[in-house]
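If you count by mature numbering (1 follows the signal peptide of the UniProt record, and there is no 0), then the sequence shown holds residues -19 to -1, 1 to 156, one letter each, in order.
First comes the structure, then the notes that go with it.
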Amino acid sequence: MNFKFTTLLLIVSCSLGYAQGSGNNPFKKFIGEWTLKADDWTQNWGQGMEHIKIPHHHTVCKPLNTDNSLLAVIDGTPPFGHIFWTYNPVKKEVHHLSSFGEIRCGVGKGTVNDNGDVTLKVSFEGEAEGTYRIYTYKWISENEYELRSTQYDNKDKPTGLFYGGNFIRINAGKK
């Protein structure tokens, strides 16, 4: 690609609002650093309801090179992993890819509303065939959101397995 064409493409992209940072990213509220509020995590992996502490959770969320993407890197407490979201503005769909630990790979899609709340249906390697999880990311304030993951069986019935917690922005004043 020659320099003139590249420069022209950059100018057009910026003027149309497609360049990173133009503020049109549907995931813009997630951009920043996050940790668990009071280290609190609630889960049921089949042994009943548990309230546990997960200290030092750390997530960094940033857009990639488009205004319709978000990459979340979870690196504070194992299992380490990442989540990648892209938004299709034509179909108004969010596409999800994730990987945690050695084999926990997730694929799914969902929606994002005007408030920035995200709802996803995700299937994972290593979970029973036909099962899936519904993830909800609901904003409580500009600096806090609630994550909940609920598992469903292959007949669309909740299995009782879930996990979740509230996440708060680190360095909220530097957003």
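Note that the Cβ used here is the ideal one computed from N, Cα and C, for glycine as well.
*With C-beta atoms as the reference, is Phe105 less than 8 angstroms away from Gly91?*
Here residue 105 refers to the residue found at position 124 when the sequence shown is read from its first residue. Here residue 91 refers to the residue found at position 110 when the sequence shown is read from its first residue. No, Cβ-Cβ distance for Phe105 and Gly91 is not below 8 angstroms.
*Which listed residue (Phe143, Arg150 and Asn6) has its alpha carbon closest to that of Tyr68*: As a position in the sequence shown, residue 68 is number 87, starting the count at 1. That would be Asn6, whose Cα lies nearest to the Cα of Tyr68.
*Top-ranked residue by Cα proximity to Ile12, from His38, Asp48 and Gln24*: Taking the first residue of the sequence shown as 1, we reach residue 12 at position 31. It is Asp48.
*Rounded to a whole number of angstroms, what is the C-alpha to C-alpha distance between Phe8 and Val75?*
Here residue 8 refers to the residue found at position 27 when the sequence shown is read from its first residue. Here residue 75 refers to the residue found at position 94 when the sequence shown is read from its first residue. Answer to the nearest angstrom: the Cα atoms are 10 angstroms apart.
_Three-state class that DSSP yields for Asp20 in the structure shown_ = Here the question's residue 20 lines up with position 39 in the sequence shown. DSSP places Asp20 in helix when its eight states are reduced to three.
_One or two residues paired with Trp66 in a DSSP bridge_ = Here residue 66 refers to the residue found at position 85 when the sequence shown is read from its first residue. Trp66 pairs with Leu51 and His77.
*Drop a sphere of 10 angstroms on the beta-carbon of Leu101, count the other beta-carbons inside from all chains shown, and report buried for 16 or more, exposed for fewer.*
Residue 101 sits at position 120 when you count from the first residue of the sequence shown. By the 10 Å Cβ count, Leu101 comes out buried.
_Would Thr131 and Phe148 qualify as a contact pair, given that the criterion is a beta-carbon distance under 8 angstroms?_
Counted from its first residue, the sequence shown places residue 131 at position 150. Counted from its first residue, the sequence shown places residue 148 at position 167. The answer is no: Cβ separation not under 8 angstroms.
*If we ignore side chains and look at the alpha-carbon of each, how far apart do Thr16 and Gly111 end up?*
To locate residue 16, count along the sequence shown from 1; it is residue 35. To locate residue 111, count along the sequence shown from 1; it is residue 130. When rounded, the distance between both Cα atoms is 32 angstroms.
_Going by DSSP, what residue range makes up the beta strand (DSSP E) through Phe11?_
In the sequence shown, residue 11 corresponds to position 30, counting from 1. Counting along the chain, Phe11 falls outside any beta strand (DSSP E), and DSSP gives it neither H nor E.
*Ends of the beta strand (DSSP E) at Glu125?*
Counted from its first residue, the sequence shown places residue 125 at position 144. Looking at the DSSP string, the run of the beta strand (DSSP E) that includes Glu125 is Glu125 to Tyr133.
*Phe65 versus Ile55, Lys72, Lys73 and Pro59, residue with shortest Cα-Cα distance*: Mapped onto the sequence shown, residue 65 falls at position 84. Nearest C-alpha to Phe65: Ile55.
*Note down the Cα distance separating Gly21 from Gly107, rounded to an integer number of angstroms.*
Against the sequence shown, residue 21 aligns to sequence position 40. Against the sequence shown, residue 107 aligns to sequence position 126. The displayed chain sequence assigns Asp, not Gly, to residue 21. Approximately 26 angstroms, taken between the alpha carbons.
*Burial state of Leu51 (16 or more Cβ within 10 Å)*: Reading the sequence shown from its first residue, position 70 is the one you call residue 51. Leu51 comes out buried.
*Skipping 5 residues on each side, what residues in its chain have a beta carbon closer than 7 angstroms to that of Trp120?*
As a first step, residue 120 must be located in the sequence shown, where it is residue number 139. Once the five neighbours on either side are set aside, the close Cβ partners of Trp120 are Lys10, Asn96, Gly97, Asp98 and Tyr126.
_To the nearest angstrom, how far is the alpha carbon of Ile115 from that of Ala109?_
Numbered from its first residue, the sequence shown carries residue 115 at position 134. Numbered from its first residue, the sequence shown carries residue 109 at position 128. So the two alpha carbons sit approximately 15 angstroms from each other.
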